[in-house]
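Per full-length UniProt numbering, residue 1 is the first one in the sequence shown, and the count goes up by one each step. For every residue, glycine included, the Cβ atom is placed at its ideal position computed from N, Cα and C. Source: prediction; values computed, not measured. One structure is given here, and the rest of the page talks about it.
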Amino acid sequence: MNQVSTDTTLRKWMCVVCGFIYDEALGLPEEGIEPGTRWSDVPDTWTCPDCGATKDDFEMVEID
(Lines of atoms letter the chains of each structure in order from A; the text may use other names.)
(Lines give C-alpha, C1' and ligand atoms only; values in the text may rest on other atoms or scores of the structure.)
Protein backbone atom coordinates (compact mmCIF):
# COMPACT_ATOMS: atom_id res chain seq x y z
CA MET A 1 0.00 0.00 0.00
CA ASN A 2 1.45 3.33 -1.06
CA GLN A 3 1.26 6.17 1.39
CA VAL A 4 1.39 9.69 0.04
CA SER A 5 3.23 12.15 2.22
CA THR A 6 0.98 14.97 3.39
CA ASP A 7 3.97 17.09 4.35
CA THR A 8 3.42 19.31 1.31
CA THR A 9 0.83 21.36 3.20
CA LEU A 10 1.98 24.85 4.10
CA ARG A 11 1.11 25.71 7.67
CA LYS A 12 0.49 28.74 9.83
CA TRP A 13 2.25 29.44 13.12
CA MET A 14 0.92 31.78 15.81
CA CYS A 15 2.86 33.76 18.38
CA VAL A 16 1.38 32.81 21.76
CA VAL A 17 2.51 36.15 23.19
CA CYS A 18 0.79 38.58 20.78
CA GLY A 19 -1.15 36.51 18.24
CA PHE A 20 0.99 37.35 15.17
CA ILE A 21 0.57 34.71 12.44
CA TYR A 22 3.46 33.44 10.33
CA ASP A 23 2.00 31.90 7.16
CA GLU A 24 4.45 29.61 5.35
CA ALA A 25 2.65 30.31 2.05
CA LEU A 26 3.22 34.06 2.37
CA GLY A 27 6.57 34.14 4.16
CA LEU A 28 7.80 37.55 5.28
CA PRO A 29 9.52 39.07 2.24
CA GLU A 30 10.09 42.35 4.09
CA GLU A 31 12.29 40.35 6.51
CA GLY A 32 14.01 38.32 3.80
CA ILE A 33 11.85 35.21 4.27
CA GLU A 34 10.52 34.14 0.88
CA PRO A 35 6.96 32.85 0.31
CA GLY A 36 6.85 29.07 0.74
CA THR A 37 9.52 29.06 3.47
CA ARG A 38 8.82 26.29 5.97
CA TRP A 39 8.83 27.18 9.66
CA SER A 40 11.75 24.81 10.18
CA ASP A 41 13.73 26.84 7.62
CA VAL A 42 13.10 30.19 9.33
CA PRO A 43 16.34 31.11 11.15
CA ASP A 44 16.39 30.25 14.86
CA THR A 45 17.49 33.82 15.55
CA TRP A 46 14.30 35.23 13.96
CA THR A 47 11.91 37.01 16.32
CA CYS A 48 8.26 38.01 16.07
CA PRO A 49 8.04 41.33 14.20
CA ASP A 50 5.23 42.54 16.48
CA CYS A 51 6.51 41.68 19.98
CA GLY A 52 10.04 40.27 19.67
CA ALA A 53 9.17 36.76 20.93
CA THR A 54 11.42 33.91 19.79
CA LYS A 55 10.42 30.96 17.60
CA ASP A 56 9.92 28.93 20.80
CA ASP A 57 6.88 31.12 21.52
CA PHE A 58 5.06 30.03 18.34
CA GLU A 59 2.60 27.16 17.95
CA MET A 60 1.22 25.61 14.78
CA VAL A 61 -2.34 26.70 14.04
CA GLU A 62 -4.75 24.02 12.84
CA ILE A 63 -6.61 25.18 9.75
CA ASP A 64 -9.73 23.33 8.63
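Burial state of residue i, where buried means 16 or more other Cβ atoms lie within 10 Å
i: GLU24; result: buried
i: CYS48; result: buried
i: GLY27; result: buried
Delimiting residues of the beta strand (DSSP E) encompassing residue i
i: GLU59; result: 58-61
i: LYS12; result: 12-15
i: ASP23; result: 21-23
Nearest-angstrom Cβ-Cβ length linking residue i and residue j, presumed shorter than 8 Å
i: ASP13; j: GLU62; result: The amino acid at residue 13 is misidentified as Asp; the sequence shows Trp. The Cβ separation is near 11 Å, so there is no contact.
i: LEU10; j: GLY52; result: Contact doesn't hold; Cβ gap of about 25 Å is too wide.
i: ASP57; j: VAL17; result: 5 Å
Option in the options with minimal Cα separation from residue i
i: ASP50; options: CYS15, ILE33 and THR9; result: CYS15
i: THR8; options: THR54, THR45, TRP39 and PRO43; result: TRP39
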